[in-house]
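*Asks:* Numbering-wise (the numbering used here), the sequence shown opens with residue 358 and increments by one.
Here a beta-carbon is modelled for each residue, glycine too, at the ideal position from N, C-alpha and C.
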Amino acid sequence: NKCDPRTVVRSAMVSACTGLSIDPNLSQSALIPYGDRCTFQVMNRGLQQLAFRTGTMATFNTAKVYEGDILSHNPFTGEYKYNDAPHEREILQGYIAYIRQLTGFEKYCYMTIEELMAWGQRYSKSFNKTTGMWQTNPEVMYHKTVSKRVLREGAIIDPYSTTASWPPPLSSTTARLCPTTWSMRPR
Numbered sequence: 358n359k360c361d362p363r364t365v366v367r368s369a370m371v372s373a374c375t376g377l378s379i380d381p382n383l384s385q386s387a388l389i390p391y392g393d394r395c396t397f398q399v400m401n402r403g404l405q406q407l408a409f410r411t412g413t414m415a416t417f418n419t420a421k422v423y424e425g426d427i428l429s430h431n432p433f434t435g436e437y438k439y440n441d442a443p444h445e446r447e448i449l450q451g452y453i454a455y456i457r458q459l460t461g462f463e464k465y466c467y468m469t470i471e472e473l474m475a476w477g478q479r480y481s482k483s484f485n486k487t488t489g490m491w492q493t494n495p496e497v498m499y500h501k502t503v504s505k506r507v508l509r510e511g512a513i514i515d516p517y518s519t520t521a522s523w524p525p526p527l528s529s530t531t532a533r534l535c536p537t538t539w540s541m542r543p544r
């Protein structure tokens, strides 16, 4: 299948506007063909870049969670306590994402492997494709899923911001390529 060239150009423009590289070595973003259309997708490292560019993020991390890693979870605060005592880390149970903003605000997102697979099956167009990332490299998709969820629930990210300042400076190139930066959006 060949993608409509207009969708390739449009996706490349979105990549340029966000300042995320489509170089596979950097794993920030990718141009993905879906039938005859090309779509821009942010990868996990791209999510991290966008988060840190806001200038509000102190910490952003994702990690595998093994049996015995979590001592407790407070459902009212969302806080997880990690077991830092020596223990066997053999049985993978899930993945966790954590953000802490400079204001002190913290947010966690933990999902079991079963929850991650159900999420992918429900929301990913390529979940059942043998060449899709959910089948070829599910670990990458697990990290990306918990990252997206923790950011969606706890962070403000402007994909068109390339610095920590707001509003972003408008250059003639930015104004031509990224018309959405013309409007002032409240934070």
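1) Alpha carbons only, please: which of A415, Y465, G451 and A475 is nearest the one belonging to Y423?
2) Where Y465 and S386 are concerned, what is the direct C-alpha to C-alpha distance, given to the nearest angstrom?
3) Starting from the C-beta of M498, find all residues in its chain whose C-beta is less than 7 Å away, skip the five residues before and the five after it, and write them out in chain order.
4) DSSP three-state call for S372: helix, strand or coil?
5) Alpha carbon to alpha carbon, how far is L428 from L449?
6) With burial defined as no fewer than 16 other Cβ atoms inside 10 Å of the residue's Cβ, what is the status of W539: buried or exposed?
7) When the Cα atoms are used, what is the spatial distance from V371 to L407?
8) For E510, I'd like the list of residues in its chain whose CB is within less than 8 Å of its CB, leaving aside the five on either flank, ordered along the chain.
9) Could you tell me the distance, in whole angstroms, from the CA atom of K505 to the CA atom of L404?
10) In whole angstroms, give me the CA-to-CA distance for F409 and V399.
11) Quick check: L459 and T488, are their CB atoms within less than 7 Å of each other?
12) Consult DSSP for H430 and reduce its assignment to one of helix, strand or coil.
*Replies:* Taking the coordinates as given:
1) G451
2) 24 Å
3) G477, M490 and W491
4) helix
5) 15 Å
6) Caution is warranted here: a pLDDT of 35 is assigned to W539, below 50, making its placement in the model unreliable, and the coordinate value is therefore given only provisionally. Exposed, since its Cβ has fewer than 16 Cβ neighbours within 10 Å.
7) 14 Å
8) K464 and C466
9) 7 Å
10) 15 Å
11) no
12) strand
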